[in-house]
Amino acid sequence: MKWSYVLLLAGLILFVSCQENASGSLSQTDSSSKPDAVQVTLTGRIEYQDRIYGTSGFINGNTPFKPARRVVLDLMDEEGNLLVTTLTDDNGYYEIPEVFTADYSLRIVAETETESGNIISVHNHSGNQYAVSQKITVTENNNRADVQVLLDDRVAGIFNMMDVMLSGYNFVAAYSSDAIAMKNLKLFWQYGNQTGTYTCFSQSGGSCSQGAGIYVLSDPTGDTDDFDDDVLWHEFAHYCEYSLGLNESPGGYHSLSSNTLDLRLAWSEGHASYLQAAIKNWLRENDPQRLSIPGYLETSYYVDNNNQPGYPALVVNYDSLNGSAYRYASNEAAVSRALWLLLQRADIAAIWDSFSVYLTVNNSADNLEAFWDGLLQAQSPSSIQISQWQSALADRSIFYQQDAYEQDNDILSVEPLSCLFSGQTLPWSCINGQQHYLYYDNQEPDQDVIGVQLSGGHRYRIFTHELRNGADTQITLLDSAGNVLIDADSNPIRNDDATDCELEPQGCYPLHDGTHFRSEVFYTPQFNETVYVKVETTDAVYQAPSIYGYIGRYGSYQFSVQIMD
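FYI, the numbering for the sequence shown is -22 to -1, 1 to 543, going by mature numbering (1 follows the signal peptide of the UniProt record, and there is no 0).
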């Protein structure tokens, strides 16, 4: 291990390594000593200064010290030779036996080792690992060396980031019945860096120049995220996805109020914001001193702090989230809210199992639908429980439940509706906005069959609209025997997409705006007759989920029929 001097900070010397430290295990080398030196047990505690925050951002003056848990600690002689490497315990304490009385340096490496052996480390944007060093003198009467890393040292955030991530790994261990192969985690942080906070799954371009890991914002003039625990746990959730091979989200721009997102993106971001709340909820019950929020603040809050106290960049409470923008499985905030309600009506373990186990083996796209399938499959809930869980989703207009018209999967189960012409002013809507959900049972494809009585000689427009929750409908017209009706060119009267959004000037953007993927057919019967309209999810989502994962298997839509002329 080579180290280069960087900066002297209030008695601490900050170093970055010229090559990464791949160890974390205990080691000891022989050391020489003066003839009159004696051996003692060197003890001490390593702490860092934290920043407490609430709904108004950082709380001015509330900066307690917290233990630097399970961090790598090197004892160096005066010439810089490594003598002993150890770890602090879960309370920040360390103990090194058989240390000769002499002058030394304690080097605290920006590296934490979890109980399962994972390594969490912090590096600059050149990939060099951080460490801080403090000179100490060990005597018979002075064998304790405590180190406190202050906010003014500008590197306290390094230890906070490691501690936050360690709590994340602790959460994973607590709720994983089998050992989940979490990957080692590198965080990349550099004072003054103004690029945002994000997670990379691989090395790509300038933004992910050091490969997989979490890159953390540090803009002292505006926003810094090294003490934004909620933001960090959000990114930890993405790193869990990376560790588990759940990398289907396309990424890209997203916002809390956008309810037209790719279902995979909405799921990934929504679950990440949920998981930060779930981790805090678990910590409050089991290890509350690890939290950086006041005891009165609900764990359902997500707070993104600005650097200055009193001015948070974002505050969301998922326990009381409301508003028409935060709806549908295509909205990340709606996903977070639904999961938070499920946490209360199911439990954390059930939600974690569906994410960490089922999503890794399912054959459909990784989104809220797949999570729901896994939840039902693993938990085998009662009908009362299912109803309670469905209400958690319906709170945000997500309907993974049968609609009011079930059973309507076949012709024999359907009572036809009248759309007969009797002098109305045309065009006239005889069926206007009938609400349907393409959900029949867990993982079973649903189809809705709607019988309609038509008048001969009139042209009818039969269509779906207001498609939500990722719906992509296909309409087929059937006769009373269930045969597909054909047009004058002997083609089946069937439509998948009324317009091909890929050919529109703006493409399919915004993706799930309620108009894309709708279906529409026109039909003119020669005589009065009853036709049956079969509405189902397009086949593409079942045949090629890796390509069409942005489409839902379920989803909701409205059905209408108009007499045009």
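Note that CB positions come from ideal geometry on N, CA and C, so glycine has one too.
Just so you know, these numbers come straight off a predicted model, no measurement behind them.
Practice task
Quick one: give me the first and last residue of the beta strand (DSSP E) that L395 is part of.
Solution key: The count along the sequence shown starts at 1 and reaches residue 395 at position 417. Where L395 is concerned, the enclosing beta strand (DSSP E) stretches over 395 to 397.
Exercise for the section: Pull up the DSSP beta-bridge partners for N295, would you. Expected result: If you number the sequence shown from 1, residue 295 lands on position 317. Looking at the DSSP output, N295 shares a beta bridge with Y279.
Handout entry: Backbone secondary structure at I541 - three-state DSSP
Key = Stepping through the sequence shown from its first residue, residue 541 is reached at position 563. Strand at I541.
Practice task
Could you name each continuous beta strand (DSSP E) segment of 3 residues or more that falls completely within the segment 162 to 193, going from the start of the chain to the end?
Solution key: Whole beta strand (DSSP E) segments, 3+ residues: 163 to 167, 176 to 178.
Exercise for the section: Ignore the nearest five residues each way along the sequence and tell me which others in D331's own chain have a CB closer than 6 angstroms to its CB. Expected result: Along the sequence shown, one-based indexing puts residue 331 at 353. Beyond the five residues adjoining it in sequence on each side, D331 comes within less than 6 angstroms, by CB distance, of A356 in the same chain, given in chain order.
Practice task
Could you tell me whether the Cβ atoms of T177 and Y147 are closer together than 7 angstroms?
Solution key: Residue 177 sits at position 199 when you count from the first residue of the sequence shown. Residue 147 sits at position 169 when you count from the first residue of the sequence shown. Between T177 and Y147, the gap from beta carbon to beta carbon reaches 7 angstroms or more.
Problem - Burial state of A312 (16 or more Cβ within 10 Å) - result: Locating residue 312 in the sequence shown gives position 334, counting from the first residue. By the 10 Å Cβ count, A312 comes out buried.
Handout entry: Through-space distance from R262 to D424, alpha-carbon basis
Key = Looking up residue 424 in the sequence shown gives position 446. Looking up residue 262 in the sequence shown gives position 284. Cα-Cα distance, rounded: 42 angstroms.
Practice task
For the segment 53 to 70 and the segment 19 to 29, state whether three or more C-beta atom pairs, one from each stretch, are separated by less than 8 angstroms.
Solution key: Contact check between the segment 53 to 70 and the segment 19 to 29: three or more CB pairs, one atom from each, fall below 8 angstroms, which counts as touching.
Handout entry: Cβ-based neighbour list, A134, same chain, cut-off 7 angstroms, excluding 5 preceding and 5 following
Key = For the purposes of this step, residue 134 is taken as residue 156 along the sequence shown, with counting starting at 1. Excluding sequence positions up to five before and after A134, its CB lies within less than 7 angstroms of the CB of Y26, Q27, V127, L128, all in the same chain and listed in chain order.
Problem - Any 3 or more C-beta pairs closer than 8 angstroms across the segment 83 to 101 and the segment 42 to 54 - result: Between the segment 83 to 101 and the segment 42 to 54, the count of Cβ pairs shorter than 8 angstroms is three or higher; the stretches touch.
Exercise for the section: Provide the residue span of the beta strand (DSSP E) that contains H212, from first to last. Expected result: Taking the first residue of the sequence shown as 1, we reach residue 212 at position 234. It is not in any beta strand (DSSP E) - H212 instead sits in the alpha helix (DSSP H) that spans 207 to 222.
Exercise for the section: Please name the residue in V539, L455, V509, H490 whose C-alpha comes closest to that of L243. Expected result: The sequence position of residue 243 within the sequence shown is 265, counting from 1. Taking only the C-alpha atoms, the option nearest L243 is H490.
Exercise for the section: Run the CB neighbour count on I525, radius 10 Å, all protein chains shown included, and call it buried at 16 or more, exposed below. Expected result: Locating residue 525 in the sequence shown gives position 547, where the first residue counts as 1. Here I525 is exposed: its Cβ has fewer than 16 other Cβ atoms, across all protein chains shown, within 10 Å.
Handout entry: Cβ-based neighbour list, S145, same chain, cut-off 7 angstroms, excluding 5 preceding and 5 following
Key = For the purposes of this step, residue 145 is identified with residue 167 of the sequence shown, where counting begins at 1. Correct list, in chain order: I257, L261, R268.
Handout entry: Reference R323, options Q368, L292, Y336, closest by Cα
Key = By one-based count along the sequence shown, residue 323 stands at place 345. It is Q368 whose Cα lies nearest to the Cα of R323.
Practice task
Measure the alpha-carbon distance for E498 versus V462 and round it to whole angstroms.
Solution key: In the sequence shown, counting from the first residue as 1, residue 498 sits at position 520. In the sequence shown, counting from the first residue as 1, residue 462 sits at position 484. Approximately 16 angstroms between the Cα atoms of the pair.
Practice task
Could you tell me whether the segment 410 to 417 touches the segment 268 to 286, using the rule of 3 or more Cβ pairs below 8 angstroms?
Solution key: Touching, no.
Handout entry: Residue nearest to Q172 in terms of C-alpha spacing, selected from V194, S534, D131
Key = Taking the sequence shown and counting its residues from 1, one reaches residue 172 at position 194. Of all alpha-carbon atoms in V194, S534, D131, the one lying nearest the alpha-carbon of Q172 is that of V194.
Exercise for the section: Kindly identify the DSSP beta-bridge partner or partners of F500. Expected result: Walking along the sequence shown from the start, residue 500 turns up at place 522. In the DSSP secondary-structure assignment, F500 is bridged to R439.
Exercise for the section: Spell out a yes or no on whether the segment 334 to 351 and the segment 501 to 518 are touching, meaning 3 or more CB-CB pairs, one atom from each, closer than 8 angstroms. Expected result: By the Cβ test, the segment 334 to 351 is not in contact with the segment 501 to 518, since fewer than three Cβ pairs between them sit closer than 8 angstroms.
Exercise for the section: Under 7 angstroms Cβ to Cβ from A(-13), same chain only, skipping five residues before and after it: list those, please. Expected result: Here residue -13 refers to the residue found at position 10 of the sequence shown. Residue placement at A(-13) is flagged as unreliable, the pLDDT there being 47, under the threshold of 50; a coordinate-derived value is accordingly withheld.
Practice task
Out of T516, Q504, Y532, point me to the one whose CA is closest to Q431's CA.
Solution key: Reading the sequence shown from its first residue, position 453 is the one you call residue 431. Nearest C-alpha to Q431: Q504.
Exercise for the section: Under 6 angstroms Cβ to Cβ from H443, same chain only, skipping five residues before and after it: list those, please. Expected result: Here the question's residue 443 lines up with position 465 in the sequence shown. Once the five neighbours on either side are set aside, the close Cβ partners of H443 are R496, Q536.
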